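Protein chains in written order, with the numbering used here: chain A, 84 to 551; chain B, 10 to 117. Beta carbons are placed, not taken as given, at the ideal position from N, Cα and C, and that holds for glycine. No experiment lies behind these values; they were computed from the predicted model shown.
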């Protein structure tokens with residue numbers, strides 16, 4: 084059940100009505116949200132609803148044990164066991180086939196040809212998101228940042244449909260306190276929620292879908308059949324597409340949760356206006372980058388050490404961050420490129436002579452954006468080899484037919500231009516629109532959805548981050 | 010709470026303001042839904058047609074089809090169709106500029 088579909092629209096209307104009619108007692112409301120979330124998840128594959136429930140029960144149980152255990156060593160053992168159990172689920176479903184393939188390749192290289200069992204494991208949608216949520220919950224309880232919550236709150240934290248399949252990764256410390264009290268709406272929150280849903284719909288259905296079907300998909304499918312113009316346009320096009328696609332999901336998730344009375348964290352903050360890679364990771368997929376910072380980078384030692392120790396921690400974090408996106412070398416390469424660039428920034432900042440002037444911000448912006456785009460080629464290509472073929476074609480200037488159209492140019496410029504609009508523009512607009520009469524606001528929102536629906540290409544593509 | 014774009018209610022204890030906000034939101038959603046029900050009948054029809062064919066969905070297809078015919082009588086499907094066509098024309102544009110026929114090309 085994809086957000087930008089009529090089916091989901093009807094589902095949400097029914098849920099919105101039920102959730103506010105049964106506002107009190109709060110426990111009944113949460114049960115309605117939980118069952119609705121399972122229906123939402125079961126629309127893809129009912130079998131994995133049991134995995135979702137099992138994962139919730141596991142984290143609830145381990146957190147309970149941690150909170151009831153006094154000895155620090157036993158608490159530590161429990162949290163390690165809990166994290167290993169979550170990682171075990173993730174590894175089995177997401178990485179087992181990949182690791183087996185790598186072992187087979189190594190054996191073949193060493194001359195020990197073996198027929199290893201081929202196991203096709205179906206990847207449950209949103210697995211990486213809810214296992215990370217489970218782990219952060221356990222670690223927060225272990226660290227004393229959060230009290231162990233009830234079974235209902237933990238299962239709802241992990242199953243809540245709005246963030247379930249593609250984030251943001253909402254931590255227990257943010258959401259569980261909200262579950263513990265009856266939610267309320269304000270006009271400003273509702274106005275912003277509705278506008279974020281409409282804005283997300285526009286970014287997904289128009290920006291991302293048009294660029295994907297008209298430019299990016301055909302060029303990445305066969306890079307050899309295209310000239311450098313198409314390849315460059317597809318690279319920038321993909322940068323806009325993945326931003327529009329992923330931030331659209333986050334915006335809609337934040338908006339849907341807001342209409343139900345819950346506040347999700349911001350996940351994107353105009354990432355392509357970053358003036359360094361460090362700045363980029365404060366603006367892109369903020370819920371993942373802050374998760375990696377708090378639960379991996381800082382425990383590794385973070386920035387407490389010399390520059391080479393920091394670089395080691397950055398590389399480990401970014402390589403694992405790359406692997407989080409998928410079990411393939413192209414994602415590891417993507418993480419390695421980001422890690423290497425972050426290290427170079429650190430080393431430069433450390434060794435740069437103090438009397439040298441700082442580089443102009445515009446230069447930092449251009450270099451950062453193009454580095455990010457280069458890394459996106461590995462992220463988007465079907466394989467590592469296709470990415471290399473793509474990059475080698477960037478110097479091929481010939482007069483082959485262009486996939487790059489005036490509309491693609493307009494969409495790319497618009498998508499990049501969004502990053503240089505006033506920060507928090509949608510919030511400003513929404514808070515002003517909240518003063519309008521409900522009828523006027525509703526008709527305006529309906530008209531915007533009608534325009535978007537008339538413009539969108541046929542069919543709805545799944546969100547890019549569903550595969551992670 | 011981590012930075013969220015959604016504001017908290019100014020006064021969480023103000024029950025009247027909360028009830029008014031819920032009424033405002035429900036009205037806005039109802040109006041948007043009604044607007045789309047009237048002006049976006051084509052989308053409903055194509056959604057119904059995309060469902061797995063069963064007795065129930067066949068009924069839904071005929072209902073949405075009949076509804077589209079009904080609103081079309083009043084010209085209410087025109088704005089969406091106009092916008093759809095306009096966007097389709099923009100999508101079809103290429104960099105090639107068509108040369109005007111100078112009338113000197115040999116007859117085929």
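(1) Does any residue of chain A bring its CB to less than 8 Å from the CB of residue 86 of chain B?
(2) Tell me the rounded alpha-carbon separation between residue 320 of chain A and residue 534 of chain A.
(3) Just to confirm the assignment, what range does the alpha helix (DSSP H) spanning residue 90 of chain A have?
(4) Which runs of the alpha helix (DSSP H) fall wholly inside the stretch 494 to 521 of chain A and span at least 4 residues, in chain order?
(5) Using 10 angstroms around the beta-carbon of residue 111 of chain B, count the other beta-carbons present and answer buried if the total reaches 16, otherwise exposed.
(6) Just to confirm my understanding: we take residue 120 of chain A, look at its own chain, exclude 5 residues before and 5 after, and list those with CB closer than 6 Å. What are they?
(7) Might you give, ordered along the chain, the residues of its own chain that have their beta carbon closer than 8 Å to the beta carbon of residue 253 of chain A, omitting 5 neighbours on each side?
(8) With DSSP as the reference, label residue 111 of chain B as helix, strand or coil.
(9) To the nearest angstrom, report how far apart residue 433 of chain A and residue 385 of chain A are at their CA atoms.
(10) Please decide whether residue 98 of chain B counts as near chain A, where near means a Cβ-Cβ distance under 8 Å.
(11) Name, please, each residue of chain E whose Cβ falls closer than 7 Å to the Cβ of residue 45 of chain B.
(12) Looking at residue 388 of chain A and residue 406 of chain A, is the spacing between their C-beta atoms short of 8 Å?
(13) Helix, strand or coil for residue 113 of chain A, going by three-state DSSP, please let me know.
(14) With DSSP run on the structure shown, which of helix, strand or coil describes residue 547 of chain A?
(15) In chain B, which residues lie less than 7 Å from residue 335 of chain A when you measure between Cβ atoms?
(16) Assuming the contact rule is C-beta atoms closer than 8 Å, residue 322 of chain A and residue 298 of chain A should be a hit. Round their C-beta distance to whole Å, please.
(17) Which of the three DSSP states, helix, strand or coil, is assigned to residue 126 of chain A?
(18) Check whether the stretch 261 to 277 of chain A and the stretch 12 to 27 of chain B are in contact - that is, three or more C-beta pairs closer than 8 Å.
(19) Can you find a CB in chain A that lies within less than 8 Å of the CB of residue 83 of chain B?
(20) Since residue 103 of chain A meets chain B, which of its residues come closer than 8 Å, beta carbon to beta carbon?
(21) Just the chain B side, please: which residues come within less than 9 Å of residue 277 of chain A by C-beta, in chain order?
(22) At which residues does the alpha helix (DSSP H) containing residue 1 of chain B begin and terminate?
(23) To the nearest angstrom, report how far apart residue 101 of chain A and residue 115 of chain A are at their CA atoms.
(24) If we ignore side chains and look at the alpha-carbon of each, how far apart do residue 228 of chain A and residue 143 of chain A end up?
Here's the rundown:
(1) Walking along the second chain from the start, residue 86 of chain B turns up at place 77. Cβ-Cβ to chain A under 8 Å: no for residue 86 of chain B.
(2) Along the first chain, read from residue 1 onward, the residue named residue 320 of chain A stands at position 237. Along the first chain, read from residue 1 onward, the residue named residue 534 of chain A stands at position 451. In a straight line, the C-alpha of residue 320 of chain A is about 23 Å away from that of residue 534 of chain A.
(3) Your numbering for residue 90 of chain A matches position 7 in the first chain. Going by DSSP, residue 90 of chain A is part of the alpha helix (DSSP H) stretching over 89 to 104.
(4) For the stretch 494 to 521 of chain A, whole alpha helix (DSSP H) runs of length 4 or above, ordered along the chain, are 508 to 516.
(5) Against the second chain, residue 111 of chain B aligns to sequence position 102. No answer about residue 111 of chain B holds up, because its pLDDT of 49 lies below 50 and its placement is not dependable.
(6) Along the first chain, read from residue 1 onward, the residue named residue 120 of chain A stands at position 37. Taken in chain order, the residues that qualify are 242, 243 and 244.
(7) Counted from its first residue, the first chain places residue 253 of chain A at position 170. Taken in chain order, the residues that qualify are 216, 240, 243, 246, 347, 348 and 370.
(8) Taking the first residue of the second chain as position 1, residue 111 of chain B is located at position 102. Low per-residue confidence applies at residue 111 of chain B: pLDDT is 49, beneath 50, and the placement is therefore not dependable enough to give any value.
(9) Position 350 of the first chain, counted from the start, is the residue given in the question as residue 433 of chain A. Position 302 of the first chain, counted from the start, is the residue given in the question as residue 385 of chain A. Whole-angstrom Cα-Cα distance: 16 Å.
(10) Start at 1 with the first residue of the second chain, and residue 98 of chain B comes out as number 89. No Cβ of chain A is located within less than 8 Å of the beta carbon of residue 98 of chain B.
(11) Of the chains in the structure shown, none is chain E; the protein chains are A and B.
(12) Looking up residue 406 of chain A in the first chain gives position 323. Looking up residue 388 of chain A in the first chain gives position 305. Taking 8 Å as the Cβ cut-off, residue 406 of chain A and residue 388 of chain A do not qualify as a contacting pair.
(13) On the first chain, residue 113 of chain A is found 30 positions in, with the first residue counted as 1. Looking at residue 113 of chain A - three-state DSSP - the assignment turns out to be helix.
(14) One-based indexing of the first chain puts residue 547 of chain A at position 464. DSSP, reduced to helix, strand and coil, places residue 547 of chain A within a helical segment of the structure shown.
(15) Here the question's residue 335 of chain A lines up with position 252 in the first chain. Going along chain B, no residue has its Cβ under 7 Å from residue 335 of chain A, so there is no contact; the nearest lies around 13 Å.
(16) The count along the first chain starts at 1 and reaches residue 322 of chain A at position 239. The count along the first chain starts at 1 and reaches residue 298 of chain A at position 215. At roughly 12 Å, the Cβ-Cβ gap does not stay under 8 Å, so residue 322 of chain A and residue 298 of chain A are not in contact.
(17) As a working note, residue 126 of chain A is residue 43 in the first chain. If DSSP states are grouped into helix, strand and coil, residue 126 of chain A belongs with coil.
(18) In short, these stretches touch, since the Cβ pair count reaches three.
(19) In the second chain, the residue the question calls residue 83 of chain B occupies position 74. Any Cβ of chain A closer than 8 Å to the Cβ of residue 83 of chain B would place that residue at the interface, and such an atom is absent.
(20) In the first chain, counting from the first residue as 1, residue 103 of chain A sits at position 20. Chain B residues near residue 103 of chain A: 31 and 35.
(21) Looking up residue 277 of chain A in the first chain gives position 194. From the beta-carbon of residue 277 of chain A, the residues of chain B found nearer than 9 Å are 34, 37, 38 and 41.
(22) This structure does not reach residue 1 of chain B, given that chain B is present from 10 up to 117, and the question cannot be answered.
(23) Position 18 of the first chain, counted from the start, is the residue given in the question as residue 101 of chain A. Position 32 of the first chain, counted from the start, is the residue given in the question as residue 115 of chain A. Spanning the two alpha carbons is a distance of roughly 8 Å.
(24) Indexing the first chain from 1 puts residue 228 of chain A at position 145. Indexing the first chain from 1 puts residue 143 of chain A at position 60. For residue 228 of chain A and residue 143 of chain A, the distance between alpha carbons rounds to 15 Å.
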